[in-house]
Each structure stands twice: as structure tokens, then as C-alpha cells.
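Okay, structure first, notes after.
There are 2 protein chains.
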Amino acid sequence: MLKIDAARLYRAIEALGRIGAYVDEPTGLTGVNRLALTDADGEGRRQVLAWMRELGLDVTVDRIGNVYARRAGREDTLPPVVIGSHIDSVPTAGRFDGCLGVLGGLEIVRTLHESNIRTRRPIVVAFFTDEEGSRFGTDMLGSAVATGRLPLESAYALRDRQGLAVRDELERIGFLGPAPVETIQRMPPHAYLECHIEQGPILRARERDIGVVTGVQAISWQALTITGKSAHAGTTPMHLRADAGVAAAKVNLRLREMIASGRYGEPMRATMGAIVPHPGMVNIVPGRALATVDLRNPSEEDMRRAEADLISYYTQVEREEKVRIEWRRTARTEPVPFDPKIQDRIAAAADALGLGHERIISGAGHDAQELARLCPTAMVFVPGEHDGISHNPREYSTPEQCASGVNVMLQIALDLAEE
Amino acid sequence: MLKIDAARLYRAIEALGRIGAYVDEPTGLTGVNRLALTDADGEGRRQVLAWMRELGLDVTVDRIGNVYARRAGREDTLPPVVIGSHIDSVPTAGRFDGCLGVLGGLEIVRTLHESNIRTRRPIVVAFFTDEEGSRFGTDMLGSAVATGRLPLESAYALRDRQGLAVRDELERIGFLGPAPVETIQRMPPHAYLECHIEQGPILRARERDIGVVTGVQAISWQALTITGKSAHAGTTPMHLRADAGVAAAKVNLRLREMIASGRYGEPMRATMGAIVPHPGMVNIVPGRALATVDLRNPSEEDMRRAEADLISYYTQVEREEKVRIEWRRTARTEPVPFDPKIQDRIAAAADALGLGHERIISGAGHDAQELARLCPTAMVFVPGEHDGISHNPREYSTPEQCASGVNVMLQIALDLAEE
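Note that the protein sequences, when read in sequence, are chains A and B.
Be aware that the first sequence starts at 436, since it is given in this note's numbering, and climbs by one per residue.
Be aware that the second sequence starts at 436, since it is given in this note's numbering, and climbs by one per residue.
Right, dumping it as C-alpha cells:
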């Protein structure tokens, strides 16, 4: 079977990881900070474009900065197989998140070149703008615009904390491209494939090489504003208090109980990531607290039930703690199932390559969930060390783990490109 | 019976409250910001010194900026009766906290002047530097130094967030006085009296004019550092999490349960005022959380039991949540009982004036707890409106409420100064 060059792929991952590298103070580890549309992102993009051109690919940049690099097929007017991901990062990233998918795509092209294989359909390697959403607050930005979920003008108007707008920053780094954002809709793709690190502990714990991704689970985010009454911690009797911090604590522990109850399915996840009590002083009962809730569930039905039950619990806390709880939805996506036929092919390819595999739901959002609106879509996960930690300089997958994922992608891409 | 001029006292409170006044944005109310050793504090101090000198008092400023204004007695070498409090404020204060005690003392002197009463013992009206501790982090600073609990050099070395030191700021505002800090120890006082707003809801709720303060309760502050493991909220199974935010929530609710159990006495108070989860993002399981604990109890024995039980609960949470909880004591004072004989006299004076009264423990710290090391000490509380809210522009006591407290003080001061 045709295989990629694992060492060459890994050298590319290391080389891209040097752009935007920084030393993480507490640990001394080297991390990556290539926030979308910063100078570092611009430099990373130019490196990847240079590699694309070295490979003789035909590069297109669209109005939101998405990049498509096209390798011609034998029947070049057929819809292409698109392989993609992103190269922007969170501020405290490792080298693998997103980059594996893009550089894996280029390694597949390089392998086809070397073997003088010309596929029936064209193959496009793509990277999408600002998948992370860390800077402008909206994740999957480029792929959401390209697939028509988000209007271009709304994307352009987003601003970072310094007030800088997406459009201006695209222009500044030289990636306000000439092609229409509908470029990918006009291809349209025959299939979209994305190889990504799992960003979780499951594959590593079960000693699997490959995750056959069944889909992306539903995500529900809420921002809570809890209003009680600030009071002197030394003088205010407990029965006269309306402690917004205690109310937030109750909601946090309720999330835990909801999971433990099993009523919303085993795969449910729930997290209170942020809590900000005001005024936040040792001797003042918090009169106000902001808090966030993150719910995930592969079942839309279970998710809806969890949301409804949580909201009715807020009413109970309001009564018990004499507070007011206002909640606002800050994100909500339904589950996105991936193409079952391509899933079966991924499993078969892994078997053929002697790789252990397992079906797995994606806990995180990915560009693939946007592309799934356009064409049959699939994802391949590879395991990560250290419980699959991600968004952290400790993020690490071995050269072999990375290569296994891309080798599976290579077989599937070849298959699909011959259809 | 001799009485003070309620309207005159109130005008002085209003006049001092104009120094450092600001408009509180959300409410439109006028608050007071006279943080210790700022320009506003200097201006407030000069105003009070001007009033002291108008009354012909002999003013002494010590090396930590405490101010003593002395009215001669018939037997002028006898230990004086000292009436005092503070005029510095928190950044979001009202007009009454501290100022009532100092201006009440001056109103008592003014009343004695007008009635041509010369007491046997001298009377000293005092205000102490930085009772609030909001700027340099140590409360009761001036009275702690004056009574020998805190070395002068330690106090001088304290710095605010801008790095400005107490000694330099004292000098800058012109209150690095020439008198030794032992000035009050050398008098020594025959008794110390302090009139203060309750800063709580009890007297108002029970429709009492006067609180006969039995003492100051024990205070125990802890700063917790909870270390878990940050993780992706979408991908990390619940059983692999070590959520520092959940651990903080458990401690917060445990405080509530400890109160409800009644095991530590009805007057126990417990508060988690601050919680800071890191990194504090909606989709990241907090890997670390800082939190504070504030415990109050009038019984040292109950306090020690509560502290020990809480610390052993930390061990339980460490086990349950796979986190590490480090705690550090940031403040600890034992209960300070006030002089029972003066308490009885306060009750009798209130009866004689037709004022309702009730014994009450002080939930907050006061200069009186420092002075209690030197001499028989007592405090008189007056009620506040709006549940006794304090450290807030809504802090409010009526002219009558203020005058009632100072009239009781006048009778006690006269009594004690004739002994």
C-alpha cells in the first residue's frame, strides 16, 4: 500500500510550529501563539503557501482569507476531493491542532507526486480562516462564511479586544483574497476529509491508532448573570443574605449531578468554566456573579431535555437563594453526523494498514461540521499523549500517530478521487 | 440631662463627607472615597484638625499619623478618657463609618464647652490612621501600631498597589508627626469609648436605638489555591476531570452546611467572597482556582472547631475531586470582649435617655479592639437604614440615630471622666 513519509510530515509540523513559538513561563515548554490574522498567522500562512507553490498547486485565496490549493485530476472538471483544516491557533497552543490536517493534506499530495499518481478527480488542500475563534469570538469563521452559514459582512465587522476588525486585519496581513467566498460552494466538493488530533484521552487510553469520527456533538453555551445583594461578611446574618456566589456554586454542582444521574446519556458533558463574583473581596458577600455553562451531547433530544431541566433548576435556585438568574444563549449547534459510508471506508483502511480503530464522537467543533452542509464529510482522529491535552504547549502526538492518521486519509482520498 | 446638638453634629458629618465625595455611576448616589493617606484623606484630616483647634484642644500627631486632641481636666495629670475612631474610608464608602465616632467626640467637647463643664479627668478625642486597610492591606493600622501589636517599621514598609509606601505617603500628606507611637500607651487612658454605625441589619430590624457592644468576634481569613487539571470541556470525560471550580463550589456550599448544622453556634458567619477560576473560559475545565474563606465567630472555641472541620473537609474534596487544596491564613484575630461594667453603664444611660437598646456583638473589626489591650474599652452602635448597608454610598443613619449614640457616649464620658 502507498504510504506517506512520516518523518517528512513531522518536519513540516515542527517547521510550522516554530512560527509564533513562545516559551511557556511556568513549564519552560515551547508553545505556539498564532492567533488568527496576527503577524504570526500571516507568516504561517505565507510558509504554507510557499509549500503549496513548491508542489505546483494552483492557489486561490477568497475574500475571507480561506486558501484552496488545487492539484489537477485526470478528469479535471469533476468535483474535487477536499482535504483541509486550519492553521490559526489559540494563544497557548501546541503544534498539532489544525496543522496536522493541512500539512497532512500537503504530504498526501507530495506522496502522489512522487508516485506519479494522477487521480481521476482533482484534489484540493484547504485551510480555513480563524477556526479557533479565540481572537474575534466566533469559531469556524472562515468555513462558516464559505459554506453560507455566516454572511461575509457580519464576519468582516467582528472586532478583537483592541477594536481591530476582521476585514482590516485580513487586508493588513495580505490575505483579503480576490476569490468569492462561494468558491467552495461552486466546486462543489465530491467529499471533504479532515484529519485532526482527538484533543481528548479516549483513543490513547484504549490504545487505538485511529478514531473513526461519527460526528460532532451538539454544543450549548450559556452566560449567566446572577444578581443577589452584596453585604458585609462579618455582620450580615445568613438568613438575610442573597449570595450570588453560592447560587453559582449550586448551579455548578447541579451540572455534576445531572451527569451522574445518567438521565441525559453517558456521553453528556457539562462544565462551568468561568465564574466572576462581584466585588470579589474576602469580606463581602458577592452581590453579583457572572458564570458560564457549557453543555455537550451527541443526542439533540438529550441536549434539549438537559437544557430545559437546567433552566427550571435556575428557578429553584432563585427561590432558595433570593437571587435573580438571567441566562443568555451564547452558542448553540445541533449534532452533525458524518457520512456513514466514508466512516466504514476509514475503518476498512485502518484494518488494511493494521491500525486499531474505534468510532468516536467529536467533543470539539471543527471546520468539517460546516463543510458537512455541502458534501459527504468525514474526520479521522489521532490520539494525543498526556490524556490528549490540547490548547496547551503539552499537546503532543508522536510522528507515528500523526502518520497513521494521514496514511488512512491517503487511502480514503485515493478511493474517493477515483470514483 | 445634658444633650448634644443633633443638627450641629449632622452638619459636621455632612461637611466631612463632602471631602473625597464622588458620584456612584450606577445609582447616581454620592459616595465618599477617602482612602488612607491619599490627598482626600489629607484634606479630611486638615478639616478635622481645624475643628479641633477651633475648640482650643491640644493636638498631637504621632509617627504613624494618629491624632490626639486633648481637653484639659480639673486634675490634669490623671489618665484621660479617650473617645475615638477613624476618618479614612473604603473606596466606595458612605459618610458615617468612623466619622460618627470622631465627630461625635468633638461634639461632646463642644457641648461641655458650652455648658462650662470642666471634667475631673482630661478628655482626648482621637482618630487613628488607616482603620480600613483597603489601600495597604492591613486594617486597624494606626491603632495596632499605637498599642504595640504591630511594629512601626513593619507598618512603614507596607505598600499600596502602585508601590507607594506608608511612610512616604504619611510624609507627603503632612501627617508624619513628631510624637512617638507610644503616646497613647504613656497616657495611659482611663477608658476608651467608640461610637460607630452597626454596619448590619439587627438594630434596625428590632427597632433599637442603641447597640451595647459586647465585643468583637473572632475573624479567620483563608486564601485557598486549588490545583486540578485544565482540560477541554467538550472532549474530557467526567471521570478524568480534576475541576478546580467544582472543588471551590463544594467548599462554598460546605460553609453553608456548617452554618445550618448549628454545630458552631448561631452567630457563626461564613463567606466565600472571591473565586477566580483559571483560565476562566467557557470551554475549558478550570485547572486552578483561587478562593477566599471568611469565618466569624464570637466564641474562640467554636471558631477553632469550625476551622479544624473545614480543613479536614479540604482533604475530603482533594480525594473526591482529584485536586490539591493549599490554604494560607491571611488574617486571624481572637474575640475581644469589651468591659462589662461600661456595658452596664451604657444600658443604664440609654434607659435614662428613653432609648431602646440591645446587647450586640460586632461583626466587623474596629480600632476599639486594639485599644482594649490598654484599658477598659466599650463601643456604642447606632442602627443604619437599608438593612444597615455599609461600605456603600447607600450607608445612611438619620440625624436622630446619630445623636442618640453620641448622647449615650456623652453620659458615659462624663461619668468616667469624674471617676
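Here a beta-carbon is modelled for each residue, glycine too, at the ideal position from N, C-alpha and C.
This one's a predicted model, so the numbers in the text were calculated from it and none came from an experiment.
Less than 6 Å between C-beta atoms, sequence neighbours within five positions excluded: which residues of the same chain meet that for P733(A)? In the first sequence, counting from the first residue as 1, residue 733(A) sits at position 298. Q652, P702, P770 and I796, listed in sequence order.
Contacts of V681(A) in chain B (Cβ-Cβ under 8 Å): Counted from its first residue, the first sequence places residue 681(A) at position 246. Within chain B, the residues near V681(A) are N687, L688, R691 and M707.
Rounded to a whole number of angstroms, what is the C-alpha to C-alpha distance between S550(B) and I777(B)? For the purposes of this step, residue 550(B) is taken as residue 115 along the second sequence, with counting starting at 1. For the purposes of this step, residue 777(B) is taken as residue 342 along the second sequence, with counting starting at 1. In this structure, the alpha-carbon of S550(B) lies about 24 Å from that of I777(B).
Chain B beta carbons: is any one of them nearer than 8 Å to that of L675(A)? Sequence index remark: in the first sequence, residue 675(A) carries index 240 (1-based). Yes, its Cβ sits closer than 8 Å to a Cβ of chain B.
Going by beta carbon distance, what residues of the same chain come within less than 8 Å of K685(B), once the five residues before and after it are set aside? Here residue 685(B) is taken as the residue at index 250 of the second sequence, counted from 1. Within the same chain, K685(B) has close Cβ partners V752, E755 and E756.
From V496(B) to R759(A), what does the alpha carbon distance come to, in whole angstroms? For the purposes of this step, residue 496(B) is identified with residue 61 of the second sequence, where counting begins at 1. For the purposes of this step, residue 759(A) is identified with residue 324 of the first sequence, where counting begins at 1. Taking the straight line from one Cα to the other gives about 50 Å.
Proximal residues, the stretch 724–743 of chain A versus chain B, C-beta separation under 7 Å: T727, D729 and R731
Same chain, Cβ closer than 8 Å to N718(B), five either side skipped, listed in chain order: Position 283 of the second sequence, counting from 1, holds the residue named residue 718(B). Answer for N718(B): H667, A668 and G669, listed in chain order.
Excluding the 5 residues flanking E542(A) on each side, which residues of the same chain have their C-beta closer than 8 Å to its C-beta? As a working mapping, residue 542(A) is identified with position 107 in the first sequence. So the list reads I439, D440, R443, L444, A447 and V841, once near-sequence residues are dropped.
Does V720(A) have its Cβ less than 8 Å from a Cβ in chain B? Locating residue 720(A) in the first sequence gives position 285, where the first residue counts as 1. Yes - at least one Cβ of chain B is within 8 Å of the one on V720(A).
Thinking P828(A) and T473(A) are a contact (beta carbons under 8 Å), I'd like their distance in whole angstroms, please. Here residue 828(A) is taken as the residue at index 393 of the first sequence, counted from 1. Here residue 473(A) is taken as the residue at index 38 of the first sequence, counted from 1. Between T473(A) and P828(A) the Cβ distance is about 18 Å, and since that is not below 8 Å, they are no contact.
For T616(A), count neighbouring Cβ atoms within 10 angstroms of its own Cβ and tell me buried if that reaches 16, exposed if not. Within the first sequence, residue 616(A) is the residue found at index 181, counting from 1. Just to set this straight, residue 616(A) is Val in the shown sequence, not Thr. Buried, because 16 or more other Cβ atoms sit within 10 Å of the Cβ of V616(A).
L730(B) lies in the beta strand (DSSP E); which residues open and close that run? Translated into the one-based positions of the second sequence, residue 730(B) becomes position 295. Segment R723 to N732, the beta strand (DSSP E) holding L730(B).
Where the stretch 620–648 of chain B meets chain A: residues whose CB sits under 8 Å from a CB there: Correct list: E633, Q634, G635, P636 and I637.
Contact set between M716(B) and chain A, taken where Cβ atoms lie within less than 7 Å: Along the second sequence, one-based indexing puts residue 716(B) at 281. Here the neighbours are G708 and A709.
Starting from T750(B), trace the beta strand (DSSP E) both ways and give me its first and last residue. Locating residue 750(B) in the second sequence gives position 315, where the first residue counts as 1. Note, T750(B): premise wrong, no beta strand (DSSP E); alpha helix (DSSP H) at E735 to E756.
Measuring CB atoms only, is the stretch 782–792 of chain B touching the stretch 704–719 of chain B, in the sense that at least three cross pairs come out at less than 8 Å? no
If we call anything under 8 Å between Cβ atoms a contact, is R560(A) one with G500(A)? Position 125 of the first sequence holds residue 560(A). Position 65 of the first sequence holds residue 500(A). At residue 560(A) the sequence reads Val, which differs from the Arg that was named. For V560(A) and G500(A), no; Cβs fall outside 8 Å.
With a cut-off of 8 Å, does the C-beta of G798(A) fall near any C-beta of chain B? Along the first sequence, read from residue 1 onward, the residue named residue 798(A) stands at position 363. G798(A) counts as touching chain B.
Quick one: what's got a C-beta closer than 8 Å to T527(A)'s C-beta in the same chain, skipping five residues either side? Taking the first sequence and counting its residues from 1, the one referred to as residue 527(A) is at position 92. Annotation for T527(A): D459, G466, N468, H826, N827 and P828 place their beta carbon closer than 8 Å to its own, counting only its chain and skipping 5 residues before and after.
If distances are taken between C-alpha atoms only, which option among Q836(B), I654(B) and C630(B) comes closest to E736(B)? Counted from its first residue, the second sequence places residue 736(B) at position 301. Selected option, being the one with the closest Cα: I654(B).
In whole angstroms, what is the alpha-carbon distance linking R740(B) and L730(B)? Along the second sequence, read from residue 1 onward, the residue named residue 740(B) stands at position 305. Along the second sequence, read from residue 1 onward, the residue named residue 730(B) stands at position 295. If you take the alpha carbons of R740(B) and L730(B), they lie about 11 Å apart.
For Y591(B), the three-state DSSP class (helix, strand or coil): Stepping through the second sequence from its first residue, residue 591(B) is reached at position 156. Correct three-state label for Y591(B): helix.
Neighbour flag for R704(B) against chain A, beta carbons, 8 Å: Taking the second sequence and counting its residues from 1, one reaches residue 704(B) at position 269. Chain A contact via Cβ: present.
Nearest CA to the CA of E642(A): which residue from A456(A), M436(A), R453(A) and F816(A)? For the purposes of this step, residue 642(A) is taken as the residue at position 207 of the first sequence. It is F816(A) whose Cα lies nearest to the Cα of E642(A).
Run through chain A and tell me which residues come within less than 9 Å of I654(B), C-beta to C-beta. Numbered from its first residue, the second sequence carries residue 654(B) at position 219. Per Cβ cutoff of 9 Å: G669 and N718.
Provide the residue span of the beta strand (DSSP E) that contains T412(B), from first to last. Outside the displayed range of chain B (436 to 854) lies residue 412(B), so it cannot be described from this structure.
Just mark R689(B) as buried or exposed, buried being the case when its beta carbon has 16 or more other beta carbons within 10 Å. Here residue 689(B) refers to the residue found at position 254 of the second sequence. It is buried - the Cβ of R689(B) has at least 16 other Cβ atoms within 10 Å.
Using the Cβ count rule (16 or more neighbours within 10 Å means buried), how would you classify P515(B)? Position 80 of the second sequence, counting from 1, holds the residue named residue 515(B). By the 10 Å Cβ count, P515(B) comes out buried.
Counting only C-beta atoms, is I694(A) closer than 8 Å to chain B at any point? Position 259 of the first sequence holds residue 694(A). At least one chain B Cβ lies under 8 Å of I694(A).
At a CB-CB cut-off below 7 Å, which residues of chain B make contact with S825(A)? Stepping through the first sequence from its first residue, residue 825(A) is reached at position 390. The contacting residues are H667.
Of the residues that make up the stretch 490–520 of chain B, which ones have a beta carbon closer than 9 Å to any beta carbon in chain A? none
Find the residues of chain B that neighbour D802(A), judging by a C-beta separation of less than 7 Å, and give them in chain order. On the first sequence, residue 802(A) is found 367 positions in, with the first residue counted as 1. Those within 7 Å of D802(A) in chain B number zero; the least Cβ separation is about 15 Å.
Quick one: is G847(B) buried, meaning 16 or more other Cβ sit within 10 Å of its Cβ, or exposed? For this step, residue 847(B) is matched to residue 412 along the second sequence. According to the sequence as given, residue 847(B) is Ile; it is not Gly. Burial call: buried.
Any Cβ of chain A within less than 8 Å of the Cβ of A869(B)? The structure shown does not extend to residue 869(B), since chain B is modelled only from 436 through 854, so no value can be given for it.
By the 10 Å Cβ neighbour count, where 16 or more other Cβ atoms means buried, how is Q597(B) classified, buried or exposed? Working through the second sequence from its first residue, we reach residue 597(B) at position 162. The residue in question, Q597(B), is exposed, as its Cβ has fewer than 16 Cβ neighbours within 10 Å.
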